[in-house]
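Q:
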Amino acid sequence: MARRKREGTPGWSQRAAWQLFNLTADIAETADLAAKEPERVAELPALWDMWNAEQSEPLWKWMRPFFPRAHLPCASIPADSLRFMLLYPAIDLMSGQVVRLRQGRADQKTVYSSDPAAFARQWESEGGDWLHIVDLDASFSGKQQNLESVRAITSAVGIPCELGGGIRDVEAIRRALDAGVARVILGTKAAESLEFVGEMAREFGREKIAVGIDAKNGIVSVKGWTQETGQSALDLACNAVKAGAGTIIYTDIATDGMLQGPNFPETERVNAAIVPLGGQLIASGGVGTAEHVLRAAKIPSLYGCIIGKALYDKTLSLPEVKAALRG
Numbered sequence: 378m379a380r381r382k383r384e385g386t387p388g389w390s391q392r393a394a395w396q397l398f399n400l401t402a403d404i405a406e407t408a409d410l411a412a413k414e415p416e417r418v419a420e421l422p423a424l425w426d427m428w429n430a431e432q433s434e435p436l437w438k439w440m441r442p443f444f445p446r447a448h449l450p451c452a453s454i455p456a457d458s459l460r461f462m463l464l465y466p467a468i469d470l471m472s473g474q475v476v477r478l479r480q481g482r483a484d485q486k487t488v489y490s491s492d493p494a495a496f497a498r499q500w501e502s503e504g505g506d507w508l509h510i511v512d513l514d515a516s517f518s519g520k521q522q523n524l525e526s527v528r529a530i531t532s533a534v535g536i537p538c539e540l541g542g543g544i545r546d547v548e549a550i551r552r553a554l555d556a557g558v559a560r561v562i563l564g565t566k567a568a569e570s571l572e573f574v575g576e577m578a579r580e581f582g583r584e585k586i587a588v589g590i591d592a593k594n595g596i597v598s599v600k601g602w603t604q605e606t607g608q609s610a611l612d613l614a615c616n617a618v619k620a621g622a623g624t625i626i627y628t629d630i631a632t633d634g635m636l637q638g639p640n641f642p643e644t645e646r647v648n649a650a651i652v653p654l655g656g657q658l659i660a661s662g663g664v665g666t667a668e669h670v671l672r673a674a675k676i677p678s679l680y681g682c683i684i685g686k687a688l689y690d691k692t693l694s695l696p697e698v699k700a701a702l703r704g
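Under the numbering used here, the residues of the sequence shown are numbered 378 to 704, in order.
(1) May I ask you to report which of helix, strand or coil DSSP gives Ser516?
(2) Looking at the unbroken beta strand (DSSP E) that takes in Glu605, where does it start and where does it end?
(3) In terms of DSSP beta bridges, what is Cys682 paired with?
(4) Since Ile596 contacts Gln608 with CB under 8 Å, what's their CB separation in whole angstroms?
(5) So for Ser490, helix, strand or coil by DSSP?
(6) Just grab the DSSP bridge partners of Asp629 for me.
(7) Just grab the DSSP bridge partners of Gln637 for me.
(8) For the 8 Å Cβ check, are there 3 or more pairs between the stretch 635 to 642 and the stretch 656 to 671?
(9) Using a Cβ-Cβ cutoff of less than 6 Å, which residues in the same chain neighbour Lys585 once the five nearest sequence positions on both sides are dropped?
(10) I'd like the span of the alpha helix (DSSP H) that includes Glu569, first residue to last.
(11) Are the beta-carbon atoms of Val488 and Ile510 separated by less than 8 Å?
(12) Less than 7 Å between C-beta atoms, sequence neighbours within five positions excluded: which residues of the same chain meet that for Ala533?
(13) Apart from the five residues on each side of it in sequence, which residues of its chain come closer than 8 Å, Cβ to Cβ, to Ser598?
(14) Looking only at C-alpha atoms, which of Val588, Ala622 and Ala617 sits nearest to Gly582?
(15) Would you mind working out which of Ala568, Ala578, Ile530 and Ala529 sits nearest Ile550, comparing C-alpha positions?
(16) Could you give the residue range of the alpha helix (DSSP H) that holds Val558?
(17) Quick check: the Cα distance between Glu420 and Lys413, rounded to an integer number of angstroms?
(18) Helix, strand or coil for Tyr689, going by three-state DSSP, please let me know.
(19) One question on the structure: do Ala650 and Leu611 come within less than 8 Å of each other, judged by their Cβ atoms?
(20) If contacts are defined as beta-carbon pairs under 8 Å, then Leu695 and Gly505 qualify, I think. What distance do you get, rounded to the angstrom?
(21) Can you give the Cα-Cα distance for Lys691 and Val475, rounded to whole angstroms?
(22) What three-state label does DSSP hand Gly542 in the structure shown?
(23) What is the residue span of the beta strand (DSSP E) that Arg477 lies within?
(24) Assuming Ala620 contacts Val574 under a Cβ cut-off of 8 Å, what Cβ separation, rounded to an integer in Å, is found between them?
(25) Looking only at its own chain, which residues have a Cβ that is under 7 Å from the Cβ of Leu524, when we skip the five neighbours before and after it?
(26) Between Asn679 and Ala617, which are expected to be in contact by the criterion C-beta below 8 Å, what is the C-beta distance as a whole number of angstroms?
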């Protein structure tokens, strides 16, 4: 593996910092490293304990000057390192405006702003790790209609962004990536064609391809939640990772926007199934309190958590969540 160099950080052994950095990166890059170098991998928990005891910032942020769009799969991070679950503030776009839908219904829309970039800057300044952007117009119509707003967002912030909604062919993926997003989310198309998921992962790299799974009672819904497919959400998640998707975003439709907490049992079940396959899971739907985020962070290897309505309704703030995660 290539080695990286950086000056030491105050209060931390330079050698230990780089040992941790390189080991975590190597595990992220090499699925079977634990089998190849078990003694080296066994050192990881102690190194994380050292970092957590002496440092106030996540390792990936310390690394960011070298890898501006980098992120590390949480499969390489101990489950008790709660701060390393990434936070994804949500920005839903409709007709160039920032909106939220209740239970995914276009007729139950609340408009929050006509300046998406301003919201993006706010979420970044408050500690968002990524931005989760959804083009709701495209979700319903299949045609991308908010790319200028997406481009304004990605130009306004330094954190990476992912985009979902109506991305159903290779040209839509190219347009999204050209607009500056780091990852695209396939929803309806993934449910229709795992072959397409594999082709896009090979074309663009698995780190740029996520599959968004929206489910009710464990069954996948598509086309803006308007159609049930009869597919098992768990089966689709596993098969999508096997096909090449690097990330799964799981949303429980019944909890979304209700602020009563995600569907934790189902989230845990999907997460436990895909992590051994090399996938990483982002939980979505229903986060309303810091306690909900803390509970999500305790799920072993959970990669991220999306927060939407609670931020917009000001019942929860990112600084509050960050403080809770730090304990």
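Note that CB positions come from ideal geometry on N, CA and C, so glycine has one too.
A: Looking at the atomic coordinates:
(1) The count along the sequence shown starts at 1 and reaches residue 516 at position 139. Helix.
(2) Your numbering for residue 605 matches position 228 in the sequence shown. Where Glu605 is concerned, the enclosing beta strand (DSSP E) stretches over Gln604 to Ser609.
(3) The residue you call residue 682 lines up with position 305 of the sequence shown. In DSSP, Cys682 forms a bridge with Leu464 and Ala660.
(4) To locate residue 596, count along the sequence shown from 1; it is residue 219. To locate residue 608, count along the sequence shown from 1; it is residue 231. Between Gln608 and Ile596 the Cβ distance is about 7 Å, and since that is below 8 Å, they are a contact.
(5) Locating residue 490 in the sequence shown gives position 113, where the first residue counts as 1. Residue state, collapsed to three classes: strand.
(6) In the sequence shown, counting from the first residue as 1, residue 629 sits at position 252. Bridge partners of Asp629: Ala592.
(7) To locate residue 637, count along the sequence shown from 1; it is residue 260. DSSP lists no partner for Gln637.
(8) yes
(9) Counting from one through the sequence shown, the residue named residue 585 turns up at place 208. So the qualifying residues of the chain are Arg560.
(10) Residue numbering aside, residue 569 sits at position 192 when the sequence shown is read from its first letter. From DSSP, the alpha helix (DSSP H) with Glu569 extends over Thr565 to Glu569.
(11) Reading the sequence shown from its first residue, position 111 is the one you call residue 488. Reading the sequence shown from its first residue, position 133 is the one you call residue 510. It is not a contact, given that the beta carbons lie outside the stated cut-off.
(12) Taking the first residue of the sequence shown as 1, we reach residue 533 at position 156. Only Ala494, Ala497 and Arg498 meet the Cβ criterion.
(13) Position 221 of the sequence shown, counted from the start, is the residue given in the question as residue 598. Around Ser598: Asp591, Ala592, Gln604, Glu605, Thr606 and Ile630.
(14) Your numbering for residue 582 matches position 205 in the sequence shown. Of Val588, Ala622 and Ala617, the residue nearest in Cα terms is Ala622.
(15) Residue mapping note: residue 550 aligns to position 173 of the sequence shown, counting from 1. Comparing Cα positions, the closest option is Ala578.
(16) To locate residue 558, count along the sequence shown from 1; it is residue 181. Val558 -> no alpha helix (DSSP H), and no H or E assigned at all.
(17) In the sequence shown, the residue the question calls residue 420 occupies position 43. In the sequence shown, the residue the question calls residue 413 occupies position 36. Distance between the alpha carbons of Glu420 and Lys413 is about 14 Å.
(18) Against the sequence shown, residue 689 aligns to sequence position 312. Three-state DSSP puts Tyr689 in a helix.
(19) Sequence index remark: in the sequence shown, residue 650 carries index 273 (1-based). Sequence index remark: in the sequence shown, residue 611 carries index 234 (1-based). It is a contact, given that the beta carbons lie within the stated cut-off.
(20) Counting from one through the sequence shown, the residue named residue 695 turns up at place 318. Counting from one through the sequence shown, the residue named residue 505 turns up at place 128. Contact holds; Cβ gap of about 6 Å.
(21) Within the sequence shown, numbered from 1, the residue matching residue 691 stands at position 314. Within the sequence shown, numbered from 1, the residue matching residue 475 stands at position 98. Distance between the alpha carbons of Lys691 and Val475: 15 Å.
(22) Taking the sequence shown and counting its residues from 1, the one referred to as residue 542 is at position 165. Coil at Gly542, not helix or strand.
(23) Within the sequence shown, the letter at position 100 stands for residue 477. Element bounds for Arg477: Gln474 to Arg479.
(24) Residue 620 sits at position 243 when you count from the first residue of the sequence shown. Residue 574 sits at position 197 when you count from the first residue of the sequence shown. Sure, about 4 Å apart at Cβ, within 8 Å.
(25) Position 147 of the sequence shown, counted from the start, is the residue given in the question as residue 524. Hits under 7 Å: Arg552 and Ala556.
(26) For the purposes of this step, residue 679 is taken as the residue at position 302 of the sequence shown. For the purposes of this step, residue 617 is taken as the residue at position 240 of the sequence shown. Checking the sequence, you will find Leu at residue 679 rather than Asn. That pair is no contact at about 17 Å.
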